[in-house]
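Asks: Below are the structure tokens for one structure; questions will follow.
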Amino acid sequence: RNAPVGADMDGDGYEDLVLSDGYADEGGKTDNGAVWILWGQTTRYQTVPTSIDGYASTVLSGSNSQGLGWASQPGEDWDGDGDAELWMFVHSDGLYVIEGRPRAEWGSLDFSAASVYYDWGSSSADVDTIRQIGDWDSDGISDMMCYLTDTSSSIGTNEVFSSQTQSGSYTEKLG
């Protein structure tokens, strides 16, 4: 569903590839959604796996019909610890920012442990795409833009999220 994007998610100096699919059937569940990371390393991947789990680690997955990972994007390192932060939208729920961490600590995360959560209004359109847009607020860290499509009218809109916002919640007011 979303184009894969890269960033150093574990601070080891190698770009990692983040993939997500809000319709994934992960772990025997239906449409629960998932986020995977294909870890960068010094050697190339030699064989072709039969599934994404052959090389990538499932770092997040939801419950039945949850739509976790509807959209995702690595963001710049907010907290200065050397690893990128993960932005992820959960269908009809909200936008989460999860702090990067060493590879061994990613495991299978609980997305409710996000450092930032933006609550989405029940009548609001879902986020289709999340992208870095450069430093709009002059703090030296790229800000993020979310593109939303109102399916009832096919009209899209953009919401900009500052990298300076690191706590609290935000109720998206479109829809």
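Using this note's numbering, read the sequence shown as starting at 8 and increasing by one per residue. Just so it is clear, CB atoms sit at the ideal spot from N, CA and C, and this is done for glycine as well. Remember, predicted model here, so these are calculated numbers, not experimental data.
What separation, rounded to the nearest whole angstrom, lies between the Cα atoms of A14 and R108?
Replies: One-based indexing of the sequence shown puts residue 14 at position 7. One-based indexing of the sequence shown puts residue 108 at position 101. So the alpha carbons of these two residues sit roughly 12 Å apart.
Asks: Tell me the DSSP secondary structure of S79 in three-state form.
Replies: Mapped onto the sequence shown, residue 79 falls at position 72. Strand at S79.
Asks: Leaving out five residues before and five after S68 in sequence, what residues of the same chain have Cβ atoms less than 6 Å from its Cβ?
Replies: Numbered from its first residue, the sequence shown carries residue 68 at position 61. Around S68: E33, G34, N39, A41.
Asks: So, does the region 24–31 touch the region 121–128, judging by three or more C-beta pairs under 8 Å?
Replies: The answer is no - the region 121–128 does not touch the region 24–31, with fewer than three Cβ pairs under 8 Å.
Asks: Measure the Cβ-Cβ separation of D146 and W77 and say whether it is below 7 Å.
Replies: Reading the sequence shown from its first residue, position 139 is the one you call residue 146. Reading the sequence shown from its first residue, position 70 is the one you call residue 77. The answer is no: Cβ separation not under 7 Å.
Asks: Roughly how many whole angstroms lie between the Cα atoms of Y125 and S170?
Replies: Your numbering for residue 125 matches position 118 in the sequence shown. Your numbering for residue 170 matches position 163 in the sequence shown. Taking the straight line from one Cα to the other gives about 13 Å.
Asks: Based on Cα-Cα distance, which residue from V97, E112, N71, I137 lies nearest to N165?
Replies: One-based indexing of the sequence shown puts residue 165 at position 158. The shortest Cα separation from N165 among V97, E112, N71, I137 belongs to I137.
Asks: When burial is assigned at 16 or more other CB atoms within 10 Å of the CB, is G87 buried or exposed?
Replies: For the purposes of this step, residue 87 is taken as residue 80 along the sequence shown, with counting starting at 1. Its Cβ having fewer than 16 others within 10 Å, G87 is exposed.
Asks: Which word fits E112, buried or exposed, when buried means at least 16 other C-beta atoms lie within 10 angstroms of its C-beta?
Replies: Numbered from 1 along the sequence shown, position 105 holds the residue referred to as residue 112. Counting Cβ neighbours within 10 Å, E112 comes out exposed, since fewer than 16 surround it.
Asks: From E22 to R110, what distance separates their C-alpha atoms?
Replies: The residue given as residue 22 occupies position 15 in the sequence shown. The residue given as residue 110 occupies position 103 in the sequence shown. Distance between the alpha carbons of E22 and R110 is about 12 Å.
Asks: For D135, which of W143, L116, W127, T156 has the nearest alpha-carbon?
Replies: On the sequence shown, position 128 is the one that residue 135 refers to. Answer by Cα proximity: T156.
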